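In what follows, a structure is listed as structure tokens, so that the remarks can point back to it.
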Amino acid sequence: MIDKNQQIIDSAIDQEYKYGFTTDIETTTFEPGLDEGVITKLSKLKKEPQWLLDWRLKAYESWKKMEEPTWAQVDYTPVDYQALSYYSAPKYKKNDSLDDVDPDIIDTYNKLGISLNEQKRLEGVAVDAVFDSVSVATTFKKELAKHGVIFCSFSEAVIDHPELVKKYLGSVIPRTDNYFAALNSAVFSDGSFVYIPKNVRCPMELSTYFRINAANTGQFERTLIIADEGSHVSYLEGCTAPMRDENQLHAACVELVAHKDATIKYSTIQNWYAGDKEGRGGIYNFVTKRGICAGDRAKISWTQVETGSAVTWKYPSVIMQGDDSVGEFYSVAVTKNKQQADTGTKMIHIGKNTKSTIISKGISAGEGQNTYRGGVKILKNADNARNFSQCDSILIGNKCGAHTFPYIDVKNPTAKMEHEATTSSIGEDQLFYCNQRGINLDDSVSMIVNGFCKEVFAELPMEFAVEAKQLIEVTLENSVG
Amino acid sequence: MIKIENLKASIEDKEILKGIDLEIPKGEIHVIMGRNGSGKSTLANVIAGNETYEVDSGLIAMNGNDITEMSIENRALQGLFLCFQYPVAIPGVSMAYFLRAALNAKNKHDGKEEMDAVKFLATAKKILSDLGLDDSFLKRSINDGFSGGEKKKSEILQLLMLNPQLAILDETDSGLDVDALRTVAKGVNEFKNDNNSVLIITHYQRLLEYIEPDVVHIMIDGKIVKSGDMKLVHEVEKNGYSWLMK
Ligand SMILES: Nc1ncnc2c1ncn2[C@@H]1O[C@H](COP(=O)(O)OP(=O)(O)OP(=O)(O)O)[C@@H](O)[C@H]1O
Ligand SMILES: [Mg+2]
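Same order as they appear, the protein sequences are chains A and B. Heads up: the first sequence begins at 1 in this note's numbering, then just goes up one per residue. Heads up: the second sequence begins at 482 in this note's numbering, then just goes up one per residue.
In structure tokens:
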């Protein structure tokens, strides 16, 4: 049994990554290297106002003085920041008509299952497509504008809505927050921008699809979502990249601001290239995501399904400043082969009666290492704050690992905290039970794992829940014998 | 239907089954009784293909085909069904989802169409009500937090839905109250016809008051030491197993 297990686990690794192709396309790409000159060139190319260039340069100054963090439970070859190119974009000019988008790019997205043609698009989902360093298309902009919703690339927002960008950029994640956030602040090239006006319920799902194509390029995008008082928005991001032997860096920042009575639901399906079975190549996914519930009764909910990347380092967090505000984090993280994930969340309770929920499901197969790192902080004035945390891990095979590091800091005696954690192996007895009913091994594994992840999938918008399930199925195919 | 010849099986180099011969023809109900630890559940598991156990020698054939080396799911698809003594919980997987997955696998194997949702629900609801279970049972996670009785009924529900050729009931009567026992027995009788077979593993004669066996076997220390009819059950019930050992 063990031998057969091993054999099949090993063969799982040959599971092909469907999105590993590259698109051959003419690009404008910066020479590798990073200094003030590169940042200035980037800013000029984007026709940015002086204040933003200054902001970037200050971030760069701080970054130079910072040390790359080493506390995460991940092990990787250090990134040579001077060997990376900080900008690569397809050669064409973006304008309002989708007809002008390069057919090769449209084709790339079609292959990824994302149609940029509004008629063919999933009912009720608007897409911002980010290709390497730039946004190449944003669908349904006009339709959304009718409701006052702004959904555009970050670069466009800088030009068209400078007052909003200036007010909110860096308001949740300060420039100097951490090493990767500082780097991102200095060199971010594009991303998505969303503004939902007061009392508007965004009429469709918004999504950004990130695609890394160019080799040897870092992707540094920046997303900013502002939900004004009483508004509601559900946003989803998806990510893929070609298979390449060298590691590629993706260091994004996502800032969310939910005002009084507003709700932001942010879902991620992260399927960056994970590297091959020897752990060669794959994306370094070093991301800072944070939201603030700025007003009373605001709510921010993060849901993530992380199956890709060679190394993931990511802690979507919520600052609950308003009274009665709510923070949620639902996560499924899968690691196989030599993938490593150190992910979790930070819930910071400032307002009274604030409530947070953390549900984390870690799945490790092959030699994958999966770490949950979660912090709950309850400040002095946060009367009656409540947190519920549940961190479950499941192991497939005996070469993988699961680790849980909960950090709890309570400064108010009225706080109520609940924490549950379990680690289990995918049971031979469970597999036997399913097999005995005629269900084959792969179907049994995906059924058991999907059951394990149920509470998280339930948080995803319908269409994406189906996608997430399929992704897990493909990822874990042949992972048990 | 099933034929077992000189079957020897072990776990961690400890021999548990020490040469079992057993044949259950189509249309018959057989019973195996025996002390705790004599190897009854092991036999059931080995027939079903559980790879925790090593088959050291012997043969298992179903409908004339050697299945000794066959995978667990293929045996199941050939029509073998095990009512587990201790069914395992699978959190987050609903009964309905599981049953449909099992039925679809079977139908696909048999070259039949998938059962549509309407028919599936109608069939399941009928069986549920016969078993005295609420429809909401379908929404619950398999065996997760089920009471002892519910677990056994869930196994019978699956038996009736999947309608196999050979059903092995491993102590399906244990831990049931009088009414539940009757319900379960009714379920088994409903399943039984001239074209299928049943192997009942039990410690008590009470289930056999409702289900009439054709042959009764006594298992001691990994061997079948005696076979007979209902009278054997009464003897064991009265005198225990010592008189059979030697
Ligand atoms: N998975 C296992 N690991 C170790 N030993 C086992 C295992 N399964 C069975 N055994 C051993 O094999 C022997 C037979 O067990 P088995 O469960 O087949 O008995 P049984 O006749 O079904 O008993 P009971 O009437 O108590 O259910 C016992 O000594 C038991 O401890
Ligand atoms: Mg037993």
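C-beta atoms are modelled at their ideal positions from N, C-alpha and C, and glycine is treated no differently. Since this is a predicted model, take the numbers as computed values, not measurements.
(request) Spell out whether any CB of chain B is found under 7 Å from the CB atom of Asn435 of chain A. (result) The residue given as residue 435 of chain A occupies position 435 in the first sequence. Interface residue, yes.
(request) For the alpha helix (DSSP H) holding His715 of chain B, just list the boundary residues, first then last. (result) Along the second sequence, one-based indexing puts residue 715 of chain B at 234. Unbroken alpha helix (DSSP H) run through His715 of chain B: 711-720.
(message) If I follow the unbroken beta strand (DSSP E) through Tyr407 of chain A, where does it start and stop?
(response) Here residue 407 of chain A is taken as the residue at index 407 of the first sequence, counted from 1. That run of the beta strand (DSSP E) goes 401-410.
(request) Starting from Pro645 of chain B, follow the alpha helix (DSSP H) in both directions and report where the run begins and ends. (result) Position 164 of the second sequence, counted from the first residue, corresponds to residue 645 of chain B. Pro645 of chain B -> no alpha helix (DSSP H), and no H or E assigned at all.
(request) Output, in chain order, the set of chain B residues within a Cβ distance shorter than 9 Å of Gly362 of chain A. (result) As a first step, residue 362 of chain A is located in the first sequence; it is residue number 362 there, counting from the start. Here the premise fails: no neighbours, minimum Cβ distance about 15 Å.
(message) For Ala529 of chain B and Glu554 of chain B, I'd like the C-alpha separation in whole angstroms.
(response) To locate residue 529 of chain B, count along the second sequence from 1; it is residue 48. To locate residue 554 of chain B, count along the second sequence from 1; it is residue 73. Taking the straight line from one Cα to the other gives about 9 Å.
(request) For chain B, find out if any of its Cβ atoms is closer than 7 Å to the Cβ of Lys198 of chain A; answer yes or no. (result) Taking the first sequence and counting its residues from 1, one reaches residue 198 of chain A at position 198. Chain B, which has no Cβ nearer than 7 Å to the Cβ of Lys198 of chain A, makes this no.
(request) Quick one: residues with CB closer than 7 Å to any heavy atom of ligand 4, in chain order, please. (result) Annotation note on ligand 4: not contained in the displayed structure, which lists ligand 1 and ligand 2 as its ligands.
(request) Decide if Gln248 of chain A is buried, meaning its Cβ has at least 16 other Cβ atoms within 10 Å, or exposed. (result) Translated into the one-based positions of the first sequence, residue 248 of chain A becomes position 248. It is buried - the Cβ of Gln248 of chain A has at least 16 other Cβ atoms within 10 Å.
(message) If you reduce the DSSP assignment to three classes, tell me which class Asp168 of chain A lands in.
(response) Residue mapping note: residue 168 of chain A aligns to position 168 of the first sequence, counting from 1. According to the sequence provided, residue 168 of chain A is Tyr. The question's Asp does not apply to it. Three-state DSSP puts Tyr168 of chain A in a helix.
(message) For a test of the three-state rule: what should DSSP assign to Ala421 of chain A, helix, strand or coil?
(response) Residue numbering aside, residue 421 of chain A sits at position 421 when the first sequence is read from its first letter. If DSSP states are grouped into helix, strand and coil, Ala421 of chain A belongs with the strands.
(request) Go ahead and label Arg201 of chain A buried or exposed: buried means 16 or more other beta carbons lie within 10 angstroms of its beta carbon, across all protein chains shown. (result) The residue labelled residue 201 of chain A in the question sits at position 201 within the first sequence. Per the 10 Å Cβ criterion, exposed.
(request) Give a yes or no on whether 7 Å exceeds the smallest Cβ distance from Asn398 of chain A to chain B. (result) If you number the first sequence from 1, residue 398 of chain A lands on position 398. Chain B, which has no Cβ nearer than 7 Å to the Cβ of Asn398 of chain A, makes this no.
(request) Using a Cβ cut-off of 8 Å, pull out every chain A residue sitting near Ser491 of chain B, in sequence order please. (result) As a working mapping, residue 491 of chain B is identified with position 10 in the second sequence. What Ser491 of chain B touches in chain A: nothing, since even the nearest Cβ is about 14 Å away.
(message) If distances are taken between C-alpha atoms only, which option among B:Gly539, B:Leu640, B:Val717 comes closest to Phe672 of chain B?
(response) Along the second sequence, read from residue 1 onward, the residue named residue 672 of chain B stands at position 191. The residue with the shortest Cα to Cα distance from Phe672 of chain B is B:Leu640.
(request) With a threshold of 6 Å, establish whether the CB of Ile485 of chain B neighbours any heavy atom of ligand 1. (result) Working through the second sequence from its first residue, we reach residue 485 of chain B at position 4. Ile485 of chain B: no, Cβ never under 6 Å from ligand 1.
(message) Pairs of beta-carbons, one from the stretch 305-321 of chain A and one from the stretch 253-269 of chain A, closer than 8 Å: are there three or more?
(response) yes
(request) Note down, in chain order, every chain B residue with its Cβ under 7 Å from the Cβ of Met447 of chain A. (result) Mapped onto the first sequence, residue 447 of chain A falls at position 447. Neighbours of Met447 of chain A on chain B, chain order: Val574, Ala582.
(request) Could you confirm whether any beta carbon from chain A is found closer than 7 Å to the beta carbon of Asn531 of chain B? (result) Residue numbering aside, residue 531 of chain B sits at position 50 when the second sequence is read from its first letter. For Asn531 of chain B, the answer is yes, since a Cβ of chain A falls inside 7 Å of its Cβ.
(message) Taking CB distances under 7 Å as the criterion, tell me whether Ile763 of chain B reaches chain A.
(response) Nothing can be reported for residue 763 of chain B: it is not among the residues displayed for chain B, which extend from 482 to 727.
(message) Could you compute how far the alpha carbon of Pro174 of chain A sits from the alpha carbon of Leu57 of chain A?
(response) For the purposes of this step, residue 174 of chain A is identified with residue 174 of the first sequence, where counting begins at 1. For the purposes of this step, residue 57 of chain A is identified with residue 57 of the first sequence, where counting begins at 1. Each residue's alpha carbon lies about 14 Å from the other.
(request) Would you kindly check if the distance between the Cβ of Ser192 of chain A and the Cβ of Asp276 of chain A is under 7 Å? (result) Residue mapping note: residue 276 of chain A aligns to position 276 of the first sequence, counting from 1. Residue mapping note: residue 192 of chain A aligns to position 192 of the first sequence, counting from 1. Not in contact: Asp276 of chain A and Ser192 of chain A (Cβ atoms no closer than 7 Å).
(message) What would DSSP say about Gly37 of chain A, mapped onto helix, strand or coil?
(response) Mapped onto the first sequence, residue 37 of chain A falls at position 37. Taken through DSSP and simplified to helix, strand or coil, Gly37 of chain A comes out as helix.
(message) Strictly below 8 Å CB to CB, what residues from chain B border Tyr451 of chain A?
(response) Taking the first sequence and counting its residues from 1, the one referred to as residue 451 of chain A is at position 451. Contrary to the premise, residue 451 of chain A reads as Gly rather than Tyr in this sequence. Residues of chain B whose Cβ lies closer than 8 Å to the Cβ of Gly451 of chain A are, in chain order, Ile571, Pro572, Gly573, Val574, Ser622.
(message) For Cys453 of chain A and Ser446 of chain A, I'd like the C-alpha separation in whole angstroms.
(response) One-based indexing of the first sequence puts residue 453 of chain A at position 453. One-based indexing of the first sequence puts residue 446 of chain A at position 446. Roughly 10 Å between the two C-alpha positions.
(message) If the criterion is Cβ atoms closer than 7 Å, does the pair Ser325 of chain A and Arg290 of chain A meet it?
(response) Taking the first residue of the first sequence as position 1, residue 325 of chain A is located at position 325. Taking the first residue of the first sequence as position 1, residue 290 of chain A is located at position 290. No, the Cβ-Cβ distance between Ser325 of chain A and Arg290 of chain A is not below 7 Å.
(request) With 7 Å as the limit, tell me which residues of the stretch 545-560 of chain B have their beta carbon closer than that to any beta carbon of chain A; keep them in chain order. (result) Ile553, Glu554, Ala557, Leu558
(message) Can you pull the chain A neighbours of His590 of chain B, defined as C-beta to C-beta under 9 Å?
(response) For the purposes of this step, residue 590 of chain B is taken as the residue at position 109 of the second sequence. Under the 9 Å cutoff, chain A gives Gly438.
(request) For Leu260 of chain A, collect the residues of the same chain with a Cβ closer than 8 Å to its Cβ; drop the 5 residues on either side in sequence, then sort them by chain order. (result) Against the first sequence, residue 260 of chain A aligns to sequence position 260. Note on identity: in this sequence residue 260 of chain A is Lys, with Leu being the wrong assignment. The answer, listed in chain order, is Glu229, Gly230, Ala294, Gly295, Asp296, Arg297, Ala298, Gly322.
(request) Give the DSSP-derived three-state secondary structure of Asp616 of chain B in the structure shown. (result) Position 135 of the second sequence, counted from the start, is the residue given in the question as residue 616 of chain B. Three-state DSSP puts Asp616 of chain B in a helix.
(request) Within the stretch 559-643 of chain B, note down every full alpha helix (DSSP H) run reaching 4 residues or more, in order along the chain. (result) 576-590, 598-611, 629-643
(request) Please state whether DSSP places Asp324 of chain A in a helix, a strand or coil. (result) Counting from one through the first sequence, the residue named residue 324 of chain A turns up at place 324. Judged by DSSP in its simplified three-state form, Asp324 of chain A adopts coil rather than helix or strand.
(message) To the nearest angstrom, how far is the alpha carbon of Phe154 of chain A from that of Val74 of chain A?
(response) Here residue 154 of chain A corresponds to residue number 154 of the first sequence, with the count starting at 1. Here residue 74 of chain A corresponds to residue number 74 of the first sequence, with the count starting at 1. One C-alpha to the other measures close to 31 Å.
(request) Would you mind sorting Tyr372 of chain A into buried or exposed? The rule is 16 or more other CB atoms within 10 Å of its CB. (result) The count along the first sequence starts at 1 and reaches residue 372 of chain A at position 372. That one is buried.
(request) Look up Met551 of chain B in the DSSP assignment and say whether it is helix, strand or coil. (result) The residue given as residue 551 of chain B occupies position 70 in the second sequence. In the structure shown, Met551 of chain B sits in coil (DSSP, three-state: anything other than H, G, I, E or B).
(request) Quick one: give me the first and last residue of the beta strand (DSSP E) that Ser153 of chain A is part of. (result) If you number the first sequence from 1, residue 153 of chain A lands on position 153. Per DSSP, Ser153 of chain A belongs to the beta strand (DSSP E) from 150-153.
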